[in-house]
Ligand code: GTP
Ligand code: MG
């Protein structure tokens, strides 16, 4: 088995989509190992998004992620890293495929950051690193 970090980002929580997103995750068959409502500070987000430091969308991304609570989920299952990213869809919500979380519920809102509802770790190394940031 394998574990991944999923975040329902502030836009997903604010729009009341947490239950819908959890429903898709559960329907796919993955197991919730831990879940919590979090209000990350800048230090947590700087650690989480270290790979994006210096990019034009970095500061808007950090501000967006501090704009309200997120839901952090420790998710388990065989190939769950790949599987959740497939459920989430591609990064840009305007063009993410229908049937995915981002494709069905996301769009651009004229801001400097892509508000794309969810995060999912992209590799076993990222998952281990991110799970320790969000769950200790
Ligand atoms: P996560 O699961 O959130 O990590 O998304 P991802 O792996 O599909 O994207 P990535 O890690 O490359 O980027 C992290 C986040 O930064 C994205 O989810 C977007 O919110 C934002 N982002 C990434 N690339 C761009 C971009 O080119 N423009 C803008 N405006 N935002 C971006
Ligand atoms: Mg990423």
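Residue numbers (the working numbering): -12 to 123.
Here a beta-carbon is modelled for each residue, glycine too, at the ideal position from N, C-alpha and C.
Start-to-end residues for the beta strand (DSSP E) that takes in residue i
i          : result
residue 21 : 18 to 25
residue 61 : 57 to 64
residue 67 : Here residue 67 belongs to no beta strand (DSSP E); instead the alpha helix (DSSP H) covers 67 to 75.
residue -6 : -11 to -5
residue 41 : Segment: none, residue 41 is in no beta strand (DSSP E) and carries neither H nor E.
Beta-carbon proximity of residue i to residue j, cut-off 7 Å
i           : j           : result
residue -9  : residue 71  : yes
residue 80  : residue 0   : no
residue -2  : residue 104 : yes
residue 11  : residue 62  : no
residue 88  : residue 22  : no
residue 120 : residue 34  : yes
CA nearest to the CA of residue i, picked from the options
i           : options           : result
residue 122 : 2, 8 and 24       : 24
residue 26  : 59, 19, 41 and 17 : 59
residue 124 : 67, 51 and 36     : As shown, the chain starts at -12 and ends at 123. That puts residue 124 outside it, with no answer to give.
Through-space distance from residue j to residue i, alpha-carbon basis
i           : j           : result
residue 48  : residue 6   : 24 Å
residue 86  : residue 94  : 14 Å
residue 3   : residue 14  : 18 Å
residue 38  : residue -4  : 18 Å
residue 134 : residue 112 : Residue 134 cannot be examined here, being either before or after the span of the chain that is shown, -12 to 123.
residue 53  : residue 101 : 14 Å
residue 40  : residue 28  : 16 Å
Extent of the continuous alpha helix (DSSP H) to which residue i belongs
i           : result
residue 123 : Unbroken run through residue 123: none, as it is neither H nor E.
residue 93  : Unbroken run through residue 93: none, as it is neither H nor E.
* Of all residues in the structure, which have a C-beta closer than 7 Å to any heavy atom of ligand 2, taken in chain order? -> Residue selection by CB proximity (closer than 7 Å to any heavy atom of ligand 2) returns 106 and 109 in chain order.
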